[in-house]
Amino acid sequence: MKRLLIAALFGLCGFGVGSVAASDASTKLDQVLAAQPDHMKARYKYRHPKETLEFFGVKPGMKVADFLPGQEWYGGILLPYLGEKGIYVGADLNMESWRDYSRFADDPDKYIADQETWVGRFRERAEGWRSAGDAKVDAFRMDDVPARLEGQLDAVLAIRTLHLATRVDGHLQRALTGIFKALKPGGVFGVVQHRAPEEASDEWARGYNGYVKQSALIREIKAAGFILVATSEVNANPKDQPAEGDQVWRLPPSNRSGENDHIGESDRMTLKFRKPE
């Protein structure tokens, strides 16, 4: 009901990327966030969705891709926020990366077969997440950017997911190539990522433990042709001081014991890049 009320309030306003006033977008985002379930709201103090999306410049009516998306984070927010003139796009790793990762699966053949059908399955699932007035949905894989999306996206967001692409040499570069291809000139690549201490070993901080060094990630993304526009500490948490051997999943919400609840969620970098005009 709350989602339908949001659609009714804002669907009449003729939102478009160029015409949305900052105050209108902020008000709509407040409404969308207020309509989320309580277990999501409990994470706002760590994940700062309003400040994060505003930092990246995401507004209603945009075409935005979510790299390795989840139903609630950020699909449950972006679908109603982007609205009926927007497009919410699921973005997956390329198949070569999944074939590499299949060696860790109990049934590698089934694992690969499942990944090969991801684009269609995501579209179907995301359609089920939508309410009246929500964004349209689409999907693509990094090694197969369709013509309808090539150079069309206003933003690609990789929120707590890039460690899945940094684990094996070459995977991040392949993902960045697809992201660059899908973004329009001037489009934004927004990154939120668990942050490793700079003094940590490169091997520990390559992604298997969830953490990545900020300096290394910036270097790789800039090498792919992106321009670093700004950084933010909005998702920083100085209480998170991981030692070598620690994994990000020792922290909430993944931890089951509650032992590290006093720390909160991970320390995170927030980086805004732009594809050159």
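Taken in order, the sequence shown gives residues -22 to -1, 1 to 255; the numbers are from mature numbering (1 follows the signal peptide of the UniProt record, and there is no 0). Glycine included, C-beta positions come from ideal geometry on N, C-alpha and C.
Residue i vs residue j beta-carbon contact at 9 Å
i	j	result
Q14	I65	no
M73	D132	no
H149	G188	no
G111	E176	no
F167	I196	no
A202	T155	yes
K253	L161	yes
W107	L31	no
Residues of its chain near residue i, where Cβ-Cβ distance is below 6 Å and the 5 sequence neighbours each way are ignored
i	result
E255	P163, G164
M247	Q171, R173, Q192
D245	R173, A214, N215, D218
G185	H141, T144, R145
H240	none
One or two residues paired with residue i in a DSSP bridge
i	result
A208	K250
F118	A69
A174	K191
F167	V134, F251
L161	L131
A43	V67, V134
Alpha-carbon to alpha-carbon, residue j and residue i
i	j	result
D8	R81	43 Å
K159	G236	42 Å
H17	Y52	14 Å
P27	K19	10 Å
I205	F251	5 Å
D92	E102	14 Å
D238	K23	Note on residue identity: the sequence assigns Asn, not Asp, to residue 238. Answer to the nearest angstrom: the Cα atoms are 16 Å apart.
Beta-carbon separation (whole angstroms), residue i vs residue j, contact threshold 8 Å
i	j	result
G242	N215	6 Å
P38	Y59	6 Å
F34	G68	Not really, about 17 Å apart at Cβ, beyond 8 Å.
residue 259	A136	The shown model of the chain, from -22 to 255, leaves out residue 259, and the question about it has no answer.
R152	S75	7 Å
Own chain residues within Cβ distance below 8 Å of residue i, not counting five before or after
i	result
P231	R21, E243
L229	D218, N238, I241, G242, E243, S244
Q130	K41, A160, K162
Same chain, Cβ closer than 7 Å to residue i, five either side skipped, listed in chain order
i	result
Y89	S80, A83
Q225	N187, G188
V207	K250, F251, R252
Interface flag, residue i vs chain E, CB-CB below 9 Å
i	result
D2	No chain E appears in the structure shown, which is made up of a single protein chain.
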